[in-house]
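Down below is the structure, laid out as C-alpha cells.
Residue numbers (our numbering): 8 to 960.
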C-alpha cells in the first residue's frame, strides 16, 4: 500500500497517456512504450532478474545482482516532469527501460528551468539487437523536449559499445569526452536533418521487415478450419495448399474430435498451443466473439502475425469499433501485427514461398506488380482483371478494415523490394496522409506508384476505417498526390491499364507519339485522344487494311528507330479475306511480328502499346510473355537512363546489362484507354526526370524576422479575449505579421463618409481606388463595388455617391480607400492547415470564374522553389500570366517569391492556420498585395515529426 507522500508524488502530475505508443522494432515485431508507474514494481523486479550480470554491470558500473526496495521505489515513482521512466513491454512484461533525471550544471538533481537531464537504459539480453533502445531514445527525447529539457548527458563504460552506438547513431548533435574511466556523452535534443533521416530510415527498415514477415512465413496455421467441406477456413486452407505453399501448414479447430489428426491432409490441432512448434503466421477465420481467445493463444505461443478474416468489427457499428480497438491492443501487446479484420487475405508469388493465404481461388502468375486494396470485392476484380490480361503479381494484400497494417506499410516494403517494379493501390481512406505523401514521394522516385481513390465524394471514410477527416476537396488531395509523383487514376480499369504499361514497358523520354496501323479511322481516334491527354502525336501512318504482319513489323521498326518520337501506338483491326471472312491466326502472327520488331530495336527502348478492335487472339498473344517471363527480368530503361545504355537500373546508374527477352506488349480495346495509360506514363517520367535533375530547395530570404513574428503571435493568442478555437488578426496586426516575412500589404484606410474618403485619399496620394468591403461584395468587382483610377477629389466624391446610391448605405458597404497600383493580373494566394494533410499552399487567379471552375493549384508546405514554379504554371488560366494574346507577361519570379515567403511563414509558425492574400496584383514589374487576412489558433499536433509510433484508431 502506498503512503500518502508516495501517492502525492505520483499524482503530482496526471499520468501522461499521450506518451503511450506502439512501435515496430528492427526485426518487424512490435512493442508498447509507456510511462512507468508505481504499479510496475513487480514487473520491474521480474525484468531485472532476467537481465544478465554483464548488462547489470554496464548499467550500474559495478556488480548489482538485485534491486533493493529503495531502488524499486526510485525506479517506479516519477513526477513525469523532472523524473521520468519509460518501459518497452511485450505481453505486458518489461523488455527494456529508460529514465531521465533532470540535473543542474553541477550534475545534481534539479527542477525547471534546468534544461539538462541524465539518461540511462537497460535492455533485457534476449531483446538486445532488436532496436529497442533506439526506439526508447526517440520517445524519451520527445518527452524531455516537452518538459523543457534540451540536452541529455549519459555516462557509459567504454566496453558497452552497443549503448555508445545507440547514442552516436541517433543523429543528434553531440559531444563526447573520456572522464574517470567512462565515456561522457552530451546530446542536443533539438531534432536535426540527420536525426530525422535516421529515424525515418529505421522506420522504413522496421515496417518493411514487419510486412516481409507476414508475406514470407516459414509456417502457417489456419484457425477455424471446418471439419466438413465448405466454410471460410476450409476454403482458405484449400487455396493455401493448391498454391503449393512451401512452408509448413497446420489446421486448427477447437472442436476437433478425439482421434482426428488431419484436415485436408495437413496436421490438425485444437489450439496453437497443441502444435508444439513455431508458427509464423496465423489466419483467423472464427466468429468475432471467439477471436480474443484465439489471439491470446497465438500471442502466448510466439505467433508473429495475424490475418483476421472475421467480420463484425468497425464496419458493423459502435460496438464493432470498440471490438476492433480491443483486437489491435491485444495483438500489439504480444508484438504481433494484424492484417484486417474483415480482410480478404495476402498472396506472395515468389517461387520460394508461393503463399496464397486469401480467399482468391486461383494463385496469380508471378510478376512485377505489387497490389494493395482495402476492399475484398475490388481485390477480386483487380486480380481477375490482371489475370485475364496476362499480368503477374509479386505480392498482394487486401487489408479490409486495415486496423493495423495499411498501404503505408506496403509502401515501406515495396520501396526496396527487388521483386516489385510497379505499385498499385486501391484506397478508400488514408489513415496518415502526411506519412503517405512522404512515402509515396520516396517510392515514386524509384518505381511507379498508381493510386485509385474510392469514397472520394462521400465526405466520410467507409465503415470500419477510423481516419482523420479532411476538410479539403478531392481535387486538392489529387494535386498533392501529383506533387508526390503519384499516378492518380479514376477507376480500377484505369489502374489495371496503367499498371500493365508501367510494368512491361520502359518510361518514355517525352510526349511525342508515333501512331501506325491498318485503320485510318482508328488512327485518327488515337490522334485525337493523344491531343486530349496533352501528348504530341505525329501524323498517323496508315498501312491500309491490306497490311501484312510484315508491314507492321517494318513500320514499327522504323518508328522505334526514329528520334522524332518517344512512344508508339499500334492500331489494328482484323484482316478480311476475299470471301469477307476474318482470316484465322492473324492475331498470333501479328503479335509475333510486333515482338520481333521490339526485340530488334536499336538504341534506347521506347514504350509500345497496341489498340485493337475485336482481336482477342492478338491481345492474348501479346500478353503471353508475362506468363513465361523469367523472374528478376532486367528493368526497362527509363528516361532518366543514360542514352548510350540500352538497359540498366531505373535511375540509369547501374552498368549496362544484357537486353532482356522481349516482354509483353500491353493491348487495349479502346484508343482512349491506351492513350490515357500512356499519358500517365509520360507525366510520371517527366516528374522522375525533374525530381532527379532538380528536386527543389527551400530558399533563404532576407527581411525575415522569425522572432518578431513569434512574439506577435504569442501576444495575440495570450490575450484574455482570444478564442481558444482561433482568432482573426486585425488589419494592423495582419500587416505587421506579414511584414515580418517581407510581405508588404498596401495600406487601406476606412471611408465611412465622403469627407473621410477625401482625407484618406489625401494621405495616400491620388489616384486612388474606392472599394466596398462588405462580406457579400468583397472580392466581387463584377458586382460594381470597386471604382478605380479616381484622380481628383471630385471624381472620388462622385464615385462615393454612385456606390451608396446603387449598393446601399455606407455602414452596410464599409467602403475603404487604397492607392492605385500598376495594372496587372489579379491573383490569390492562400494557405490553410487541414487536420489530415497539414499545411497546404494554394494559388489561382482572382475572380468568380476561377472559383467556380475550381482552377486552383496546391502544394504541401514547406514548398520548394520548384513547387512555387509549378504552382504558378499548373492552373488552367496560367497563360494569362505569360503574355496570352499579346498581353505583357507579368513578374512571375516576384510571384514565386511571395508564395515561398507565405510557405516559410506557415512552416515556421504552425499557429498561423489560415492566410488569404486577395487580390495580389502581379504587374510586368513587381506585385502588390491589396488585401490580406490571417487566422491564428493553437497549432494541431504534428505526428509526422515526433518519434516513431503506429497509428491508433
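We put the beta carbon where it would ideally sit given N, CA and C, even for glycine.
Whole-angstrom distance between residue 365 and residue 350, CA atom to CA atom | Between residue 350 and residue 365, the C-alpha separation is close to 9 Å.
Going by DSSP, what residues sit across from residue 41 in a beta bridge?
-> In DSSP, residue 41 forms a bridge with 94.
Buried versus exposed, by CB contacts within 10 Å (16 or more), residue 816 | So residue 816 counts as exposed.
Assuming residue 163 contacts residue 141 (C-beta within less than 8 Å), just tell me the rounded distance between them.
-> Incorrect: roughly 15 Å between the Cβ atoms, too far for contact.
How would you label residue 268, buried or exposed, when you count the other beta carbons within 10 angstroms and need 16 or more for buried?
-> Exposed: under 16 other Cβ atoms inside 10 Å.
To the nearest angstrom, report how far apart residue 72 and residue 110 are at their CA atoms.
-> Residue 72 and residue 110 have their C-alpha atoms some 27 Å from each other.
Straight-line gap, residue 758 to residue 922 (C-alpha atoms, nearest Å) = Between the alpha carbons of residue 758 and residue 922 lies a gap of roughly 25 Å.
Which residue comes first and which comes last in the beta strand (DSSP E) that contains residue 53?
-> Counting along the chain, no beta strand (DSSP E) covers residue 53; the unbroken alpha helix (DSSP H) around it starts and ends at 48-56.
Where does residue 848 fall in DSSP's three states?
-> Residue 848 falls in the strand class under three-state DSSP.
Distance between residue 494 and residue 23 (C-alpha atoms, nearest Å) = Near 41 Å, if we compare the C-alpha coordinates of residue 494 and residue 23.
Rounded separation between residue 452 and residue 398 - CA only | Between residue 452 and residue 398, the C-alpha separation is close to 23 Å.
Helix, strand or coil at residue 174 according to DSSP, with G and I counted as helix | Of the three classes helix, strand and coil, the one that applies to residue 174 here is helix, per DSSP.
Extent of the continuous beta strand (DSSP E) to which residue 794 belongs = It spans 793-797 - the beta strand (DSSP E) in which residue 794 sits, taken as one unbroken run.
Quick one, which of 337, 550, 487 has its alpha-carbon nearest residue 841's?
-> Restricting attention to 337, 550, 487, the CA atom closest to the CA of residue 841 is found in 487.
Pairing CB atoms from the segment 549-562 with CB atoms from the segment 499-516, are three or more of them under 8 Å?
-> With fewer than three CB-CB distances shorter than 8 Å, the segment 549-562 does not count as touching the segment 499-516.
Using the Cα positions of residue 896 and residue 409, report the straight-line distance between them to the nearest angstrom.
-> Rounded to the nearest angstrom, the two C-alpha atoms are 50 Å apart.
DSSP-derived helix/strand/coil call for residue 1023 | Residue coverage of the chain in this structure runs from 8 to 960, which leaves residue 1023 outside it and unanswerable.
If you draw a straight line from the alpha carbon of residue 934 to that of residue 833, how long is it in whole angstroms?
-> Within the model, the alpha-carbon separation for residue 934 versus residue 833 is close to 10 Å.
Nearest-angstrom Cα separation, counted from residue 930 out to residue 890 | A direct Cα-Cα distance of roughly 12 Å separates residue 890 from residue 930.
With DSSP collapsed to three states, give me the class of residue 559.
-> In the three-state reduction of the DSSP assignment, residue 559 falls in the helix class.
For residue 85, count neighbouring Cβ atoms within 10 angstroms of its own Cβ and tell me buried if that reaches 16, exposed if not.
-> Classification for residue 85: buried.
Cα-Cα separation, residue 644 to residue 627 | The predicted model places residue 644 with a pLDDT of 35, which falls under 50 and marks its position as unreliable; any figure quoted below should be read in that light. Going by the C-alpha atoms only, they are around 25 Å apart.
Hey, is residue 57's beta-carbon within less than 8 Å of any beta-carbon in chain C?
-> Going by chain labels, chain C is absent from the structure shown, which holds only one protein chain.
At 4 residues or longer, and completely inside the segment 475-556: list those alpha helix (DSSP H) runs for me, N to C.
-> 481-490, 499-511, 527-539, all fully within the segment 475-556.
Under 8 Å between C-beta atoms of residue 196 and residue 157 | Using a Cβ distance threshold of 8 Å, residue 196 and residue 157 count as a contacting pair.
If we ignore side chains and look at the alpha-carbon of each, how far apart do residue 704 and residue 324 end up?
-> It is roughly 46 Å from the alpha-carbon of residue 704 to the alpha-carbon of residue 324.
Residue 856 versus residue 519 - alpha carbon distance = The alpha-carbon of residue 856 is positioned some 33 Å away from that of residue 519.
Measuring CA to CA, which of 601, 565, 567 is closest to residue 579?
-> Of all alpha-carbon atoms in 601, 565, 567, the one lying nearest the alpha-carbon of residue 579 is that of 601.
Relative to the alpha-carbon of residue 7, which residue among 576, 582, 775 has its alpha-carbon at the smallest distance?
-> Nothing in the structure corresponds to residue 7, since the chain is present only between 8 and 960.
6 Å CB neighbourhood of residue 964 in its chain, flanking five on each side removed = In the structure as shown, the chain starts at 8 and stops at 960, and residue 964 therefore has no counterpart that could be examined.
Going by alpha carbons, who is nearest to residue 780 out of 829, 741, 827, 925?
-> By alpha-carbon distance to residue 780, the top candidate from 829, 741, 827, 925 is 925.
Is residue 515 near residue 574, with beta carbons less than 8 Å apart?
-> Residue 515 places its beta carbon less than 8 Å from that of residue 574.
Considering only residues of the same chain and omitting the five flanking positions on each side of residue 598, which have a CB-CB separation below 7 Å?
-> Around residue 598: 625, 628, 629.
Along the beta strand (DSSP E) that carries residue 401, what are the first and last residues, could you check?
-> Where residue 401 is concerned, the enclosing beta strand (DSSP E) stretches over 400-405.
Name the DSSP bridge partner or partners of residue 757?
-> Paired residue(s): 823.
Counting Cβ pairs closer than 8 Å, one from the segment 612-624 and one from the segment 671-682, do we hit at least three?
-> Under the Cβ criterion (8 Å, minimum of three pairs), the segment 612-624 counts as touching the segment 671-682.
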